[in-house]
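All remarks here apply to the structure that follows.
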Amino acid sequence: MTSAVSFQHVSRHFGPVRAVDDVVLDIAPGEFFAMLGPSGSGKTTCLRLIAGFEQPTSGHIEIFGETAEGLPPYRRNVNTVFQDYALFPHMNILDNVAYGLMVKGVARQARQTKALEALDLVELKGFEARRPSQLSGGQRQRVALARALVNEPKVLLLDEPLGALDLKLREQMQVELKTLQRNLGITFVFVTHDQSEALSMADRVAIFNNGKIIQVGAPKDIYERPRTRFVADFVGSSNVLPPDFMQRTGGPGKWVSLRPEKITITARGMTPGSHAVEATVTSVHYQGAVTRVNAEAAGQAIAVSAPSSFGAVNIGDTVTLQWPADAFHAMEDEA
Amino acid sequence: MRSERGQRAPRALSLAAIAGLLFLHVPLLLIFLYAFTTEEKSYQFPPPGLTLKWFGAAWERQDIWNALWLSVKVASIATAVALVLGTCAAAAVSRARFFGRDYISLLFILPIALPGIITGIALRSAFNIMDFDFSFWTIVLGHATFCIVVVYNNALARFRRTAGSLIEASMDLGADGFQTFRYVVLPNIGSALLAGGMLAFALSFDEVIVTTFTAGQQATLPIWMLTELIRPRQRPVTNVVAIFVIAVTFIPILFAYYLTRDGEHVAGGGK
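Protein chains in written order, with the working numbering: chain B, 1 to 335; chain Z, 1001 to 1271.
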């Protein structure tokens, strides 16, 4: 099957800066694909390479089997939702949405009908005559989405589209974007630096760092089996434990990711054995169904997420932390 | 004490301000006044009588019409040249990053900072070296040097306030370079260009120094006035023409000011 987007050893250098460095990537048709990474990691440049705003320094890009490098943005069947939305301030909402059809020469009546349909899709009917400056951030975001979707792109690129929205609106838009993508069946490529957004929305996630892809996989894979310490740290919430610490507890001589919910907490004196360590509680955070306990064992901070029913522990208590022999995930970093 | 000083200072200040305004504008009023005087040889005060005949006399004079037509042509073409070159330069400087960009920006603005006489001499020697005959076109070129600056400055300010992603959005939606310019760039910089163009026209229309150096036998309207002051024949006609020049240069400048005044918000930059 042809990939929706295929990167074959693609690099994009700006002078000495390797913004994108030898990236190999295949995005399947209909996939919701997230590019996740800190700022400057190359994820946005990758998106711009697909859109055609950047050309690769070397390597080969295909969009649905067609060579993309050398094609200007207006010859690609790909549309972008920009981070700042980039709505045309001098046009009303209807003309903004109909713009793509207008420049392609679609007759006025036809393009207005389609633009109205697109506005309906994003639940903005009745806003046609307004100017972008008269809309809220969330509404502008929907207009930007409608303006891209009206062109029926094969791939929709979203550059941190939820970054400017407040938390509540962002969570709502996450659900709506996901539903929209499932209903339309269009390939979505989504750039974000928010790991929870990427993990909750995407079918697959690529983790970027320093212009390279560190790991590609389903959110569950990335979360449970981070390939390197960078991934574990960036995706967050897991305990990243050093090799010497693991060896002392009967584990491998490698960097390891150990998830807080795999650790059980018991009062001192209960058989430490292997895969267990004695620790001092440093803080306790009640979070409803679970309680998060931060402890310290031999200078190593360890977070534990325990069911709130496990019984009371207090700051300063000495406890035993224990985990099953197969609970941790060894990473590829050099020891 | 504070309130006492607070009251005195504004009075002194407002007196100074009034004096300044009078100093600036009384001569202008005199020009208006002497356009209506019955005395044609000298400026005696008060004028012995008032008449409208000089407006008729000015209307009849072919040399005025010639000078006026030449000035309008020069100003129009210099403005057109400035609009094209100034916009291109502003687009390049605001969008692209290249070595020496800031210096190039400075070089564009320099002609308006240099005394006109330097620009004039420089152009005259350049035209001489290149064996250009002094003509209508040398005047246009001379005027274009400072007209470009006002267009460039206006366009650059607007380009900087217009989000760059608008152009990318347009291309992304399928518009080629020409369509993007027509539907997105031009509507966003249009009023800035209009303002810059009108300022350029006004600057060119009353320019004397550079014109003196770059003109051949042609007399633009300001040059005509200068020569007219030397030989006293129908003096008030000069004043009539002066009123006309004031109107032609003042109205566009006022209009340009209103066009660029509102527009504090960044086009397309709102989130």
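Glycine is no exception: its CB is placed at the ideal position from the N, C-alpha and C atoms.
Does the beta-carbon distance from residue i to residue j come in below 8 Å?
i: Asp159 (chain B); j: Val191 (chain B); result: yes
i: Ile27 (chain B); j: Val189 (chain B); result: yes
i: Glu261 (chain B); j: Ser309 (chain B); result: no
i: Ile1031 (chain Z); j: Ile1243 (chain Z); result: yes
i: Ser1170 (chain Z); j: Thr1180 (chain Z); result: yes
i: His275 (chain B); j: Gly251 (chain B); result: yes
i: Phe1108 (chain Z); j: Tyr1152 (chain Z); result: yes
i: Asn1154 (chain Z); j: Ala1192 (chain Z); result: yes
i: Phe245 (chain B); j: Ala298 (chain B); result: yes
i: Ile61 (chain B); j: Val78 (chain B); result: no
i: Leu1173 (chain Z); j: Gly15 (chain B); result: no
i: Leu1259 (chain Z); j: Leu1166 (chain Z); result: no
i: Pro1047 (chain Z); j: Glu1060 (chain Z); result: no
i: Leu94 (chain B); j: Ala110 (chain B); result: no
i: Val235 (chain B); j: Trp255 (chain B); result: no
i: Gly1216 (chain Z); j: Ser1125 (chain Z); result: no
i: Thr228 (chain B); j: Met331 (chain B); result: yes
i: Leu49 (chain B); j: Arg75 (chain B); result: no
i: Ala1219 (chain Z); j: Ala1067 (chain Z); result: yes
Apart from the five residues on each side of it in sequence, which residues of its chain come closer than 8 Å, Cβ to Cβ, to residue i?
i: Pro1111 (chain Z); result: Thr1119, Thr1145, Phe1146, Ile1148, Val1149
i: Gln139 (chain B); result: Leu124, Phe127
i: Trp323 (chain B); result: Leu258, Lys262, Ile263, Thr264, His275, Ala276
i: Leu71 (chain B); result: Gly52
i: Tyr1337 (chain Z); result: Summary: the structure shown does not reach residue 1337 (chain Z), with chain Z confined to residues 1001 through 1271, and so no result is reported for it.
Tell me which same chain residues have a C-beta within less than 7 Å of the C-beta of residue i, skipping the five on either side of it?
i: Ser133 (chain B); result: Pro89
i: Cys46 (chain B); result: Val20, Val23, Met35
i: Leu1203 (chain Z); result: Phe1146, Cys1147, Val1150
i: Pro219 (chain B); result: Leu199, Ala202, Val205
i: Ala267 (chain B); result: Val319
i: Val122 (chain B); result: Arg142, Leu145, Ala146
How would you label residue i, buried or exposed, when you count the other beta carbons within 10 angstroms and need 16 or more for buried?
i: Tyr1257 (chain Z); result: exposed
i: Val1245 (chain Z); result: buried
i: Met102 (chain B); result: buried
i: Ser58 (chain B); result: exposed
i: Thr1249 (chain Z); result: buried
i: Arg248 (chain B); result: exposed
i: Leu1052 (chain Z); result: exposed
i: Lys43 (chain B); result: buried
i: Ala325 (chain B); result: exposed
i: Arg1095 (chain Z); result: exposed
i: Tyr1103 (chain Z); result: exposed
i: Thr1079 (chain Z); result: buried
Using a Cβ-Cβ cut-off of 6 Å (strictly less than) and excluding sequence neighbours within five positions of residue i, which residues of its own chain qualify?
i: Pro1222 (chain Z); result: Asp1206, Val1208
i: Arg147 (chain B); result: Asn96, Val97
i: Thr1214 (chain Z); result: Leu1123, Thr1138, Ile1139, Gly1142
i: His1265 (chain Z); result: Because the pLDDT of His1265 (chain Z) is 40, which lies under 50, any placement of that residue in the model is unreliable, and the question is left without a value.
When the Cα atoms are used, what is the spatial distance from residue i to residue j?
i: Arg1158 (chain Z); j: Leu199 (chain B); result: 41 Å
i: Gly1190 (chain Z); j: Gly1142 (chain Z); result: 25 Å
i: Phe208 (chain B); j: Ile1077 (chain Z); result: 55 Å
i: Lys178 (chain B); j: Val155 (chain B); result: 15 Å
i: Glu197 (chain B); j: Ser257 (chain B); result: 21 Å
i: Val205 (chain B); j: Tyr223 (chain B); result: 10 Å
i: Thr1037 (chain Z); j: Ile1064 (chain Z); result: 20 Å
i: Val216 (chain B); j: Val5 (chain B); result: 14 Å
i: Thr1087 (chain Z); j: Ala51 (chain B); result: 27 Å
i: Val281 (chain B); j: Pro226 (chain B); result: 27 Å
i: Asn1188 (chain Z); j: Gly137 (chain B); result: 21 Å
i: Gln181 (chain B); j: Glu31 (chain B); result: 9 Å
i: Leu1199 (chain Z); j: Val1074 (chain Z); result: 14 Å
i: His193 (chain B); j: Thr187 (chain B); result: 20 Å
i: Lys1271 (chain Z); j: Tyr85 (chain B); result: Confidence is the limiting factor: at Lys1271 (chain Z) the pLDDT is only 32, short of 50, which leaves the residue's position unreliable and the question unanswerable from this model.
i: Gln8 (chain B); j: Leu25 (chain B); result: 7 Å
i: Leu157 (chain B); j: His285 (chain B); result: 39 Å
i: Ala1057 (chain Z); j: Val1241 (chain Z); result: 11 Å
i: Gly316 (chain B); j: Ala279 (chain B); result: 9 Å
i: Ile1121 (chain Z); j: Thr80 (chain B); result: 54 Å
i: Ile302 (chain B); j: Arg1101 (chain Z); result: 53 Å
i: Phe1045 (chain Z); j: Leu1186 (chain Z); result: 53 Å
i: Arg1182 (chain Z); j: Leu162 (chain B); result: 30 Å
Identify each residue in the region 1180-1203 of chain Z for which the Cβ-Cβ distance to at least one residue of chain B is less than 8 Å, and report them in chain order.
Tyr1183, Val1184, Pro1187, Asn1188
For the region 1153-1180 of chain Z, list every residue whose C-beta sits within 7 Å of some C-beta in chain B, in sequence order.
Ala1163, Ser1165, Leu1166, Glu1168, Ala1169, Met1171, Asp1172, Leu1173, Gly1174, Ala1175, Asp1176, Gln1179
Identify each residue in the region 94-106 of chain B for which the Cβ-Cβ distance to at least one residue of chain Z is less than 9 Å, and report them in chain order.
Tyr99, Gly100, Leu101, Met102, Val103, Lys104
Beta carbons nearer than 9 Å to chain Z: which residues of the region 199-220 of chain B have them?
none
For the region 78-90 of chain B, enumerate the residues whose C-beta is nearer than 9 Å to any C-beta of chain Z, in chain order.
Val78, Asn79, Thr80, Phe82, Gln83, Asp84, Tyr85, Ala86, Leu87, Phe88, Pro89, His90
Which residues, in chain order, does the region 64-75 of chain B contribute to contact with chain Z at a C-beta distance below 9 Å?
Pro72, Pro73, Tyr74, Arg75
Quick one: which residues of the region 27-56 of chain B get their C-beta closer than 9 Å to a C-beta of chain Z? List them in chain order.
Arg48, Ala51, Gly52, Phe53
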